[in-house]
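So the number in our numbering is just where the residue sits in the sequence shown, counting from 1, plus 17.
Reading through the structure tokens given below for one structure.
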Amino acid sequence: MKQSAQAMTQASRYDWRREEIAELYERPFADLLFQAQTVHRQHFDPNAVQVSTLLSIKTGKCPEDCAYCPQSVRFETELQPEPLLPLDEVIAAAERAKQNGASRFCMGAAWRSPKDRDLEQVIDMVEAVKDLGLETCLTLGMLNEAQAKRLKDAGLDYYNHNLDTSPEFYNDIITTRTYQDRLETLHHVRSAGINVCCGGILGMGESRADRVGLLHELVIQQPHPESVPINMLVRVQGTPLESVEDFDPIEFVRTIAIARILMPTSYVRLSAGREEMSDEMQALCFLAGANSIFYGEKLLTTPNPAAMHDKVLFEKLGIQPV
Ligand code: SAM
Ligand code: DTB
Ligand code: SF4
């Protein structure tokens, strides 16, 4: 069906039904990308991409059993565990990230949930990174109401906590905490007034219906998460998902486009998995409305494209990092 650009203009909606999202997946690729690009241009500069840098502040020995994750204590991976980093190392990494053009610094810890005394040390890090003029983001696992408030008072800008997949597929991936636990943490973060960063992972062997289910859970959140990371699984040896099949790049781009259409004012982040993506695929993702990336040689524990490669790619595409 033909639609004018005007008819495609839409305000944020929270009442999308799964069937409507499934229909978007069925659209011809060119129509879907045109719609996503039209929505994108209504809310964002199409040639600007937000740049965040990640740092693992506590690595490995995590008690959870997330089947994708190299940091779980239950899987034998080549990961070198490391306790909570000292403050000066975090500041040095944030300074480097700033010099390289990042506007946000995201600190991740392999915890099920932070202990209160750990939280105080992390708060020192948030304050120091803010003092450098960077936005701050944390991902520390589950938070209770008081912890979320404490982080808000410390000036934290964003908290990342992913839903990862659909409620139906979730139990195939994680058994040590529930989908409801995740929704509760998101509720505490939102209620405390911290910006929400929430997305998922594609390529874990889920079905398209599961991708629809994940996007549906994201879009019914009111307001939508400010930042929506779409990760492509990084298959790590030793994890239960080490040998799942390659994920179809076209299906990945479609998912980015649909996230853009569903959450028109959110930043959609092309997150983990870029090492495995061609420049052409990444260009399609930007065309589909992705407008944020992780920048720097490492994600948390796995490789990311070299900063120089990304600089050249941005130049070729005329993209301005912000
Ligand atoms: N432990 C905390 C938690 O799980 O919320 C914070 C760190 S955890 C590594 C943050 C997110 O990274 C996970 O929710 C997951 O979406 C993503 N992630 C972890 N391993 C991944 C992998 N191998 N490929 C893609 N994304 C991954
Ligand atoms: C997110 O959605 N992706 C980032 C960030 N949030 C914390 C993490 C990706 C991790 C990839 C596997 C690793 O490097 O350990
Ligand atoms: Fe632990 Fe987070 Fe990895 Fe799950 S994703 S095993 S909670 S570090």
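From the three backbone atoms N, C-alpha and C, an ideal C-beta is built for every residue, glycine too.
{"Asked": "Cβ pair residue 84, residue 257 closer than 8 Å", "Found": "yes"}
{"Asked": "Any non-hydrogen atom of the ligand DTB closer than 7 Å to residue 88 Cβ", "Found": "yes"}
{"Asked": "Spatial distance of residue 98 from residue 198 (CA atoms)", "Found": "26 Å"}
{"Asked": "Rounded separation between residue 164 and residue 102 - CA only", "Found": "20 Å"}
{"Asked": "Buried versus exposed, by CB contacts within 10 Å (16 or more), residue 46", "Found": "exposed"}
{"Asked": "Where residue 234 falls, given that 16 or more other Cβ within 10 Å makes a residue buried", "Found": "buried"}
{"Asked": "Boundaries of the beta strand (DSSP E) in which residue 75 is found, first to last residue", "Found": "65 to 75"}
{"Asked": "Extent of the continuous alpha helix (DSSP H) run through residue 123", "Found": "Looking at the DSSP string, residue 123 is not in any alpha helix (DSSP H); the run it does join, the beta strand (DSSP E), is 121 to 126."}
{"Asked": "Whole-number beta carbon distance between residue 172 and residue 143, since they are thought to touch under 8 Å", "Found": "6 Å"}
{"Asked": "Identified DSSP bridge partners for residue 154", "Found": "123 and 175"}
{"Asked": "Inside the region 241 to 282 only - alpha helix (DSSP H) runs reaching at least 4 residues", "Found": "266 to 279"}
{"Asked": "Residue 85: CB within 7 Å of a non-hydrogen atom of the ligand SAM", "Found": "yes"}
{"Asked": "Cβ-heavy atom distance, residue 57 to the ligand SAM, below 7 Å", "Found": "no"}
{"Asked": "Contacts around residue 259, its chain only, beta-carbon distance under 8 Å, and the 5 residues preceding and following it disregarded", "Found": "252 and 253"}
{"Asked": "Test item: CB-CB of residue 73 and residue 272 under 8 Å", "Found": "no"}
{"Asked": "Contact check, residue 270 vs residue 276, beta carbons under 8 Å", "Found": "no"}
{"Asked": "CB of residue 123 within 8 Å of CB of residue 203, strictly", "Found": "no"}
{"Asked": "Residue 309 - containing beta strand (DSSP E), residue span", "Found": "309 to 311"}
{"Asked": "Nearest neighbour of residue 57, chosen from 292, 283, 287 and 289 [CA to CA]", "Found": "283"}
{"Asked": "Reduced DSSP secondary structure (H/G/I, E/B, other) of residue 99", "Found": "strand"}
{"Asked": "Supposed contact pair residue 229 and residue 42 - C-beta distance, whole angstroms, cut 8 Å", "Found": "7 Å"}
{"Asked": "Whole-Å CB distance - residue 302 paired with residue 287, under 8 Å assumed", "Found": "5 Å"}
{"Asked": "Own chain residues within Cβ distance below 6 Å of residue 145, not counting five before or after", "Found": "108"}
{"Asked": "Backbone CA spacing between residue 247 and residue 37 [nearest angstrom]", "Found": "20 Å"}
{"Asked": "As assigned by DSSP and simplified to three states, the class of residue 339", "Found": "coil"}
{"Asked": "Check whether residue 209 and residue 147 have beta carbons under 8 Å apart", "Found": "no"}
{"Asked": "N-terminal and C-terminal residue of the alpha helix (DSSP H) that residue 236 is part of", "Found": "225 to 236"}
{"Asked": "Those residues which DSSP pairs with residue 295 across a bridge", "Found": "DSSP output for residue 295 lists no bridge partner at all."}
{"Asked": "Rounded separation between residue 128 and residue 187 - CA only", "Found": "19 Å"}
{"Asked": "Expected contact under 8 Å - CB spacing of residue 316 and residue 289 to nearest Å", "Found": "5 Å"}
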